[in-house]
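Residue numbers (this note's numbering), protein chains in the order written: chain A, 1 to 114; chain B, 1001 to 1112.
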Amino acid sequence: SQTIHQWPATLVQPVGSPLSLECTVEGTSNPNLYWYRQAAGRGLQLLFYSVGIGQISSEVPQNLSASRPQDRQFILSSKKLLLSDSGFYLCAWSKGWGIQETQYFGPGTRLLVL
Amino acid sequence: EDKVVQSPLSLVVHEGDTVTLNCSYEVTNFRSLLWYKQEKKAPTFLFMLTSSGIEKKSGRLSSILDKKELFSILNITATQTGDSAIYLCAAPNNNAGNMLTFGGGTRLMVKP
């Protein structure tokens, strides 16, 4: 069966510091991978998605970036965090089209920028 | 631009009540609609709906899709405090990444 991991679970960072959040998927190959952000009490906002190694699409302009150095690894980064980057970051995977298009979420990283 | 809207925004009920959550959508080349339950952490998958009028059921939860009127409902009967969560609906769009457009969610609180 497939599992998705995220770390760290919680992070408190000062404004202006760098960020690196990691997401890995086990038990599948060539998944679609996604990064979402959820502000408190709000819906999910898609930040990035990737359909393969080195392929990243950005959905919203921001100071975050994403990379996919390996098939089942997805990294969310920032060179300098802003206060507005605080939120709950979720990584998700899906297998693709049709019946396999359901996305499954990792446990999330709660980020607080002070 | 694809749009998914959920109502109500929040709902407070007592144990044993039945609730109905609504999700309307405007999606180009609609394929499916997904329901998720989010408690303290990650959303967990509940249902995928692709055909109108066919009810999906899992225990006390059920969901149905109306592709003519472009909406779906999620019903929870005999609610329990463990049903308290944010319920999200989402629809995939047509691009290569198979992205989901999410509604804003309905926050359900079930009081004992």
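Note that beta-carbon positions come from the ideal geometry of N, C-alpha and C, so glycine has one too.
- Using a Cβ-Cβ cut-off of 7 angstroms, residue 104/A is close to 1045 of chain B, given in chain order.
- Listed along the chain, the chain A residues whose CB falls inside 8 angstroms of the CB of residue 1070/B amount to none; the nearest CB is some 18 angstroms away.
- Counting along the chain, the unbroken beta strand (DSSP E) around residue 52/A starts and ends at 44 to 52.
- Beta-bridge partners of residue 1024/B (DSSP): 1005/B and 1071/B.
- Taking all protein chains shown into account, residue 85/A has 16 or more neighbouring C-beta atoms within 10 Å of its C-beta and is therefore buried.
- Check the Cα spacing between residue 1047/B and each of 1112/B, 1084/B and 1091/B: the tightest is with 1091/B.
- Taking a beta-carbon distance threshold of 9 angstroms, residue 54/A does not count as an interface residue toward chain B.
- The criterion of a C-beta distance shorter than 9 angstroms is satisfied by residue 22/A and residue 75/A.
- The continuous beta strand (DSSP E) containing residue 1101/B extends over residues 1100 to 1102.
- Shown here, residue 1010/B sits in a strand according to DSSP, grouped into three states.
- By the Cβ-count criterion, residue 1086/B is buried, with 16 or more other Cβ atoms from all chains shown falling within 10 Å of its own Cβ.
- Assignment of residue 94/A by DSSP, reduced to helix, strand and coil, places it in the strand class.
- Under the three-state reduction of DSSP, residue 1/A is assigned to coil, being neither helix nor strand.
- Within 10 angstroms of the beta-carbon of residue 31/A lie 16 or more other beta-carbons, which makes it buried.
- Interface with chain B (9 angstroms Cβ-Cβ cutoff): residue 59/A is included.
- Contact annotation: the region 1101 to 1109 of chain B does not touch the region 1052 to 1069 of chain B, with fewer than three C-beta pairs closer than 8 angstroms.
- Just so you know, the alpha carbons of residue 1021/B and residue 1066/B end up roughly 14 angstroms apart.
- Of the residues 1078/B, 1064/B and 1072/B, the one whose Cα lies closest to the Cα of residue 1019/B is 1078/B.
- If you draw a straight line from the Cα of residue 87/A to the Cα of residue 1084/B, it comes to about 21 angstroms.
- Among the residues of chain B, those whose CB is under 8 angstroms from the CB of residue 42/A are 1104 and 1105, following chain order.
- Using beta-carbon distances, residue 11/A does not count as an interface residue toward chain B, since no partner is under 9 angstroms.
- For residue 1048/B, the nearest CB of chain A lies under 9 angstroms from its own CB, placing it at the interface with that chain.
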